[in-house]
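Take a look at the structure below.
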Amino acid sequence: MFVMEVKKVAVLGAGLMGHGIAQVAAQVAKYEVSLRDVKQEFLDNGMNM
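If you want it as C-alpha coordinates, here you go:
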(Lines of atoms letter the chains of each structure in order from A and count residues from 1; the text may use other names and numbers.)
(Lines give C-alpha, C1' and ligand atoms only; values in the text may rest on other atoms or scores of the structure.)
Protein backbone atom coordinates (compact mmCIF):
# COMPACT_ATOMS: atom_id res chain seq x y z
CA MET A 1 0.00 0.00 0.00
CA PHE A 2 1.26 3.48 -0.88
CA VAL A 3 0.41 6.60 1.06
CA MET A 4 0.05 9.70 -1.09
CA GLU A 5 1.02 13.05 0.33
CA VAL A 6 -2.08 15.25 0.51
CA LYS A 7 -1.43 18.85 -0.52
CA LYS A 8 -4.86 20.20 -1.40
CA VAL A 9 -8.30 19.90 0.18
CA ALA A 10 -11.69 20.75 -1.33
CA VAL A 11 -14.60 21.52 1.01
CA LEU A 12 -18.09 21.49 -0.48
CA GLY A 13 -20.42 23.71 1.50
CA ALA A 14 -19.47 26.82 3.48
CA GLY A 15 -21.98 26.38 6.30
CA LEU A 16 -21.29 25.81 9.99
CA MET A 17 -19.24 22.67 9.48
CA GLY A 18 -17.77 23.45 6.08
CA HIS A 19 -16.17 26.75 6.98
CA GLY A 20 -14.72 25.23 10.15
CA ILE A 21 -13.25 22.27 8.30
CA ALA A 22 -11.73 24.60 5.72
CA GLN A 23 -10.27 26.84 8.42
CA VAL A 24 -8.64 23.98 10.33
CA ALA A 25 -7.30 22.41 7.14
CA ALA A 26 -5.73 25.72 6.09
CA GLN A 27 -4.46 27.07 9.40
CA VAL A 28 -3.57 23.97 11.38
CA ALA A 29 -2.77 21.35 8.74
CA LYS A 30 -1.34 23.89 6.25
CA TYR A 31 -3.27 22.51 3.25
CA GLU A 32 -4.21 24.54 0.21
CA VAL A 33 -8.02 24.73 0.52
CA SER A 34 -10.78 25.32 -2.04
CA LEU A 35 -14.14 26.22 -0.48
CA ARG A 36 -17.21 25.83 -2.72
CA ASP A 37 -20.92 26.50 -2.26
CA VAL A 38 -24.00 26.98 -4.43
CA LYS A 39 -24.24 30.75 -3.81
CA GLN A 40 -21.58 33.43 -3.49
CA GLU A 41 -23.52 34.78 -0.49
CA PHE A 42 -22.92 31.51 1.40
CA LEU A 43 -19.20 31.65 0.61
CA ASP A 44 -19.00 35.26 1.80
CA ASN A 45 -20.75 34.36 5.06
CA GLY A 46 -18.51 31.31 5.55
CA MET A 47 -15.36 33.36 5.03
CA ASN A 48 -16.49 35.92 7.63
CA MET A 49 -17.40 33.51 10.45
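This note's numbering applies: residue 929 is where the sequence shown begins, and numbers increase by one.
Even glycine gets a Cβ: it sits at the ideal position worked out from N, Cα and C.
Taking the CB atoms as reference points, tell me whether SER962 and ALA942 lie closer together than 8 angstroms.
Translated into positions along the sequence shown, residue 962 becomes position 34. Translated into positions along the sequence shown, residue 942 becomes position 14. Contact flag unset, no.
Is the separation between the beta-carbon of ARG964 and that of LEU944 shorter than 8 angstroms?
Residue numbering aside, residue 964 sits at position 36 when the sequence shown is read from its first letter. Residue numbering aside, residue 944 sits at position 16 when the sequence shown is read from its first letter. No, the Cβ-Cβ distance between ARG964 and LEU944 is not below 8 angstroms.
Which value, in whole angstroms, describes the spacing of the CA atoms of ASP972 and LYS936?
Along the sequence shown, one-based indexing puts residue 972 at 44. Along the sequence shown, one-based indexing puts residue 936 at 8. Those two C-alpha atoms are separated by around 21 angstroms.
What residues are listed by DSSP as bridge partners for LEU963?
Counted from its first residue, the sequence shown places residue 963 at position 35. Partner(s): VAL939.
By the three-class DSSP mapping on this structure, what secondary structure does PHE970 have?
As a first step, residue 970 is located in the sequence shown; it is residue number 42 there, counting from the start. In this structure, PHE970 counts as helix in the three-state DSSP scheme.
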